[in-house]
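Here the numbering used here = 1-based position in the sequence shown + 113.
Taking it in order: structure first as structure tokens, then the write-up.
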Amino acid sequence: MRPDDEVFGLVDAPITLYIYIIPISTGYNKPLIKVLQQKICKLNEKYKICVLLFNEMNLVPHLQYDDNIKFISGFEDNDISRTQQFANHALVFMIRGVIKKYKQLISFTFCKSITSRHDLSNQIKKVQAIHSTAHKVIATIYDQRATNTAAINLLRAETKVKCLKKNIDYNDLFYEVDCGTEVIKKLVHLNDPPQLLKEIQIICRIKRSFIENNNKHEASWKHILDLFKLDSNIDDVKLLPRLTVKHVIPDKNKKKM
Numbered sequence: 114m115r116p117d118d119e120v121f122g123l124v125d126a127p128i129t130l131y132i133y134i135i136p137i138s139t140g141y142n143k144p145l146i147k148v149l150q151q152k153i154c155k156l157n158e159k160y161k162i163c164v165l166l167f168n169e170m171n172l173v174p175h176l177q178y179d180d181n182i183k184f185i186s187g188f189e190d191n192d193i194s195r196t197q198q199f200a201n202h203a204l205v206f207m208i209r210g211v212i213k214k215y216k217q218l219i220s221f222t223f224c225k226s227i228t229s230r231h232d233l234s235n236q237i238k239k240v241q242a243i244h245s246t247a248h249k250v251i252a253t254i255y256d257q258r259a260t261n262t263a264a265i266n267l268l269r270a271e272t273k274v275k276c277l278k279k280n281i282d283y284n285d286l287f288y289e290v291d292c293g294t295e296v297i298k299k300l301v302h303l304n305d306p307p308q309l310l311k312e313i314q315i316i317c318r319i320k321r322s323f324i325e326n327n328n329k330h331e332a333s334w335k336h337i338l339d340l341f342k343l344d345s346n347i348d349d350v351k352l353l354p355r356l357t358v359k360h361v362i363p364d365k366n367k368k369k370m
């Protein structure tokens, strides 16, 4: 046992034991929010700046009974309503520091197939729970799935209506989320950079031409590959030192599952 373990009352035991002891449910984890409220006060203000990431992951349908809370998990559950459909996806929300490097899982829900745009937009609005911890969320990050884009568009539309009612200018670069106590958070929506690069890669491999300012241009993935080969022949000084073979040859980047 480590000295720090005595402070927290921990004993030598598998981590799975603590998973069964600590109550965990869908939605924003209230005990975790309380811990974050206590810990965040020690951070410098600039370190509180973070972004909210969300994504869906595949699950194998499975039911599990929690004897501590007398609850069966594994059904579709968005923290507001629960169905008898078996869940095969989990929607996960996480905050990540912008200046200080930290990551923290904040919320998760279960769904069958994919989360609807209305349900997703409502879950994004729960950013007020993160705001209560004094974390400063400035943006949301997601991949370009149709549902994710549709959910952000819903939030944009709601923000636009509010601006029209208040007779103020609307800027579609951000959307607003009501965090209570008359606090309105303006959030910027960003695409997930790795996913965006993959999509650019796919487009460049399929299409060779594009139009910009009514002028037709040609660009293909071969141009990037040729650039990498030329740069690789330079021994002393490379113009693209961070570019590796895994970046330019997609087959080299496939992970074994």
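In this text, a Cβ means the ideal position worked out from N, Cα and C, and glycines have one as well.
Quick caveat, the model's predicted, so the values are computed rather than measured.
If you draw a 10 Å sphere on the C-beta of Glu-169, you find 16 or more other C-beta atoms in it, and that means buried. Considered as a whole, the region 188-260 harbours 188-190, 195-199, 202-210, 216-224, 249-255 as its complete beta strand (DSSP E) runs of no fewer than 3 residues, in chain order. Between Gln-236 and Leu-309, the C-beta gap is not smaller than 9 Å, which leaves the two residues out of contact. Residue burial annotation: Asp-348 is exposed, with fewer than 16 other C-beta atoms found within 10 angstroms of its C-beta. Per DSSP, Leu-310 is not a residue of any beta strand (DSSP E); the alpha helix (DSSP H) it occupies stretches across 306-319.
Here Tyr-160 carries a helix assignment [DSSP, helix/strand/coil].
The C-beta distance from Cys-224 to Asn-191 rounds to 7 Å, short enough to meet the 8 Å contact threshold. Looking at the DSSP output, Leu-166 shares a beta bridge with Met-207, Ile-254.
Annotated three-state conformation of Asp-348 is coil, per DSSP. Inside the region 258-303, DSSP marks whole alpha helix (DSSP H) runs of 4 or more residues at positions 259-278, from first to last along the chain.
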